[in-house]
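There are 2 protein chains.
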Amino acid sequence: MKEMNLQVLLASRPQGWVTESNFTIVEAPPPEPGDGQVLVRNHYLSLDPYMRGRMNEAKSYATPVGIGEVMGGGTVGEVLKSNHAGLKPGDKVVGNLGWQLFGVAAGAELRVVDARKVPLTAYLGVLGMTGATAWVGLMEICKPRPGETLVVTAASGAVGGVVGQLAKIHGARVVGVAGGSEKCRYVTEELGFDACVDYKAGKLAADLGAALPGGIDCLFENVGGEIFDQLLARMNPFARIAVCGLISQYNSAPYPLKNFGSVLTNRLKIEGFIVAERRQRWSEAFKELTEQLAAGRIKYRETVAQGLRAAPAALIGLLKGENFGKQLVKLI
Amino acid sequence: MKEMNLQVLLASRPQGWVTESNFTIVEAPPPEPGDGQVLVRNHYLSLDPYMRGRMNEAKSYATPVGIGEVMGGGTVGEVLKSNHAGLKPGDKVVGNLGWQLFGVAAGAELRVVDARKVPLTAYLGVLGMTGATAWVGLMEICKPRPGETLVVTAASGAVGGVVGQLAKIHGARVVGVAGGSEKCRYVTEELGFDACVDYKAGKLAADLGAALPGGIDCLFENVGGEIFDQLLARMNPFARIAVCGLISQYNSAPYPLKNFGSVLTNRLKIEGFIVAERRQRWSEAFKELTEQLAAGRIKYRETVAQGLRAAPAALIGLLKGENFGKQLVKLI
């Protein structure tokens, strides 16, 4: 008997926080690949904060997921059938096949990866969009010079952890901001950051002051809101800010920012970016990330939800900061 | 009988709005130039929004004026005595001699200007720091391409007027924001902007929507606050924002900005700048500004206060938007 496809569809648009009722799970026969396409059995699904934006109808940088459509997302899996000359059954491929067990895609849109050297999941993490995001924001926008101080928020997250370790490799002093003492311990003891500020400890201003006696030269921003506002006030002249995410703002009314004046008094550069629009730097990024990972200079942690039916709860947990490191869903 | 020097000193630091009691006016004998210095009789003093920041004790981009010190400011005047080989009595010079009738400065810090071709006051305006500010922010940060829409706030101001006219010359559609119908009429009818939004008309959102059907590609920001917040929400993907001033924020508690998320959704670039730190582009700026002014393609207006004793009230008026175009003080 042929295995059925399982798919998670967007059932309704969230008002504020995402709930499980915003999704519906359906069964369907696996699709058939057309000309130039391949059929893929997904092994892992990547969950990422940007997915929250796709659930809105509002104009954003990406087309929203339609009601009744399969939720989009990065996947790694195995080719089952191929109508594309460059791919054959058994090949391991990374693509954007979404929240489902089986998917079809044009062969040209898939990247063949080698599962013998590194675990398959790394291609959704350090060697995937996550790593490319960290590298591009750091190297194209933050541009830390040796001895400068870099701050990264959501420091124990999939992107934040890579940002900080790369910045250390390039000679910066690195301070993370994370929620909870366990995450901060991981960031300093396992990832090797110079310091970490626990924003849940209840004395944010004092802790930031202690960790940042010389101010901030580079900020890789993933969170936004009150923490970002306090960081703005600590920027040094000519500092750079890469705005990668504003996860604290995705589910609530926007936090009213009071310290924007720092942009003028400190002549800051701020740039928002989306890694998909900077593909011209990806091969350079993956080259360095592959080398550093192989050399043991980049470490990472994963939180793996079991089975596609667990994906909605796992995304909700990610948006609340309950995961640790890269959030994945195991599909096989 | 020798004329006495008159000087405006900073008497106290303002709390919120500047008042005349923050200044004191004193008489003193004119100073004597030392080695390499010249004595200048100032003819005009330039008043500019940045002066408000210098009156604070707080860290800013410039050293604050000390209590009891002469207020700083750009001046144009005539050399009376020279101990510098490159300057002789009668030379007209631009410098930073501050709020006083006579001043001494190192000859190397003064720029000799030609008062026969353009009025002396132009060297404090279009052909001075004002024009350089407009040119640098526009050409180095906003970088408007033909057909793009540029917005400039404080559009009838000394900087704003030059920004808009230069942007028109470079092919942009230009929309100004100014306070009052008279200023808006000036901006469109005399300076040739495509549209102007009067923020005092009481329907800012609707008027911005009507003037900006295609959104904003470049923003030259002089004001900050609520208007800036509304403009942020209208930025197009990959738009650029030059933060030149935030005059609405200098005398009050900071306006809480709600639309910072546009930086991410629209992948904006924002950059604060100070023209004094970009001197490497000044000669290029003055070359173009001189040509365009001579060709009649850049117009300007001046508000001239009479006599040094009128300077404090004129600065207060400038900070409240009561002036029209470049605010000067005539000293002779």
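Each protein sequence line maps, in turn, to chains A and B.
Heads up, the first sequence is in this note's numbering, so the first residue is -10 and it goes up one at a time.
Heads up, the second sequence is in this note's numbering, so the first residue is -10 and it goes up one at a time.
Think of the CB as a built atom: it goes at the ideal place given N, C-alpha and C, for glycine as much as any other residue.
Remember, it's a predicted structure, so these values are computed and weren't measured experimentally.
What are the start and end residues of the alpha helix (DSSP H) that includes residue i?
| i | result |
| --- | --- |
| residue 122(B) | 118 to 125 |
| residue 97(B) | It is not in any alpha helix (DSSP H) - residue 97(B) carries neither H nor E in the DSSP assignment. |
| residue 214(B) | 214 to 221 |
| residue 3(B) | Residue 3(B) -> no alpha helix (DSSP H), and no H or E assigned at all. |
| residue 284(A) | No alpha helix (DSSP H) holds residue 284(A); DSSP gives it neither H nor E. |
| residue 305(A) | 300 to 308 |
| residue 251(B) | 251 to 254 |
Contact check, residue i vs residue j under 8 Å by CB: the rounded distance?
| i | j | result |
| --- | --- | --- |
| residue 275(B) | residue 144(B) | Between residue 144(B) and residue 275(B) the Cβ distance is about 22 Å, and since that is not below 8 Å, they are no contact. |
| residue 109(A) | residue 81(A) | 6 Å |
| residue 172(A) | residue 163(A) | Rounded, the Cβ-Cβ distance is 15 Å, inconsistent with contact. |
| residue 260(A) | residue 302(A) | Actually they do not touch by this definition, with Cβ atoms about 34 Å apart. |
| residue 87(B) | residue 60(B) | 6 Å |
| residue 310(B) | residue 168(B) | 5 Å |
| residue 89(A) | residue 193(A) | Their Cβ separation, rounded to whole angstroms, is 41 Å, which puts residue 89(A) and residue 193(A) out of contact at 8 Å. |
| residue 93(A) | residue 22(A) | 5 Å |
| residue 36(B) | residue 299(B) | Actually they do not touch by this definition, with Cβ atoms about 10 Å apart. |
| residue 68(A) | residue 79(A) | 7 Å |
| residue 190(B) | residue 196(B) | 6 Å |
| residue 133(A) | residue 207(A) | 5 Å |
| residue 44(B) | residue 264(B) | Between residue 264(B) and residue 44(B) the Cβ distance is about 20 Å, and since that is not below 8 Å, they are no contact. |
| residue 244(A) | residue 218(A) | 7 Å |
What does DSSP give as the partner residues of residue i in its beta bridges?
| i | result |
| --- | --- |
| residue 46(A) | None, per the DSSP bridge assignment. |
| residue 230(A) | 208(A), 259(A) |
| residue 295(B) | 319(B) |
| residue 224(B) | 205(B) |
| residue 59(B) | -2(B) |
| residue 89(A) | -4(A) |
| residue 246(A) | 246(B) |
| residue 67(A) | 30(A), 81(A) |
| residue 314(A) | 146(A) |
Considering only C-alpha positions, which residue in the set the options is nearest to residue i?
| i | options | result |
| --- | --- | --- |
| residue 306(A) | 1(A), 41(A), -3(A) | 41(A) |
| residue 253(B) | 38(A), 168(A), 183(A) | 38(A) |
| residue 255(B) | 225(B), 299(B), 189(B) | 225(B) |
| residue 129(B) | 229(B), 12(B), 3(B) | 229(B) |
| residue 241(A) | 7(A), -2(A), -5(A), 13(A) | 7(A) |
| residue 205(A) | 214(A), 193(A), 222(A) | 222(A) |
| residue 98(B) | 197(B), 65(B), 88(B), 12(B) | 65(B) |
| residue 166(A) | 139(A), 33(A), 155(A), 159(A) | 139(A) |
| residue 14(A) | -7(A), 28(A), 312(A), 196(A) | -7(A) |
| residue 32(B) | 91(B), 78(B), 24(B), 55(B) | 91(B) |
| residue 283(B) | 209(B), 27(B), 11(B), 115(B) | 115(B) |
| residue 247(A) | 227(A), 296(A), 213(A) | 213(A) |
| residue 203(A) | 180(A), 104(A), 136(A), 186(A) | 136(A) |
| residue 267(A) | 125(A), 318(A), 21(A) | 125(A) |
| residue 96(B) | 103(B), 111(B), 27(B) | 27(B) |
| residue 209(A) | 321(A), 36(A), 123(A) | 123(A) |
| residue 34(A) | 270(A), 289(A), 111(A), 265(A) | 111(A) |
| residue 292(B) | 298(B), 71(B), 304(B) | 304(B) |
| residue 141(B) | 216(B), -3(B), 317(B) | 216(B) |
| residue 233(A) | 134(A), 159(A), 148(A) | 148(A) |
| residue -1(B) | 54(B), 175(B), 187(B) | 54(B) |
| residue 12(B) | 134(B), 46(B), 18(B), 58(B) | 58(B) |
| residue 46(B) | 286(B), 239(B), 289(B) | 239(B) |
| residue 24(B) | 1(B), 73(B), 30(B), 16(B) | 73(B) |
| residue 178(B) | 288(B), 219(B), 264(B), 320(B) | 288(B) |
| residue 17(A) | 9(A), 10(A), 29(A), -3(A) | -3(A) |
| residue 251(B) | 160(A), 281(A), 262(A) | 262(A) |
Hey, could you find the ends of the beta strand (DSSP E) residue i is sitting in?
| i | result |
| --- | --- |
| residue 74(A) | No beta strand (DSSP E) contains residue 74(A), which DSSP labels as neither H nor E. |
| residue 81(B) | 81 to 84 |
| residue -3(B) | -6 to -1 |
What are the start and end residues of each continuous beta strand (DSSP E) run of 3 or more residues lying completely inside the region 136 to 192 of chain B, in chain order?
-> Counting only runs of 3 or more, we get 138 to 142, 162 to 167, 184 to 187.
Which whole runs of the beta strand (DSSP E) in the region 13 to 43 of chain A are 3 residues long or more, in chain order?
-> Here the runs fully enclosed are 26 to 36.
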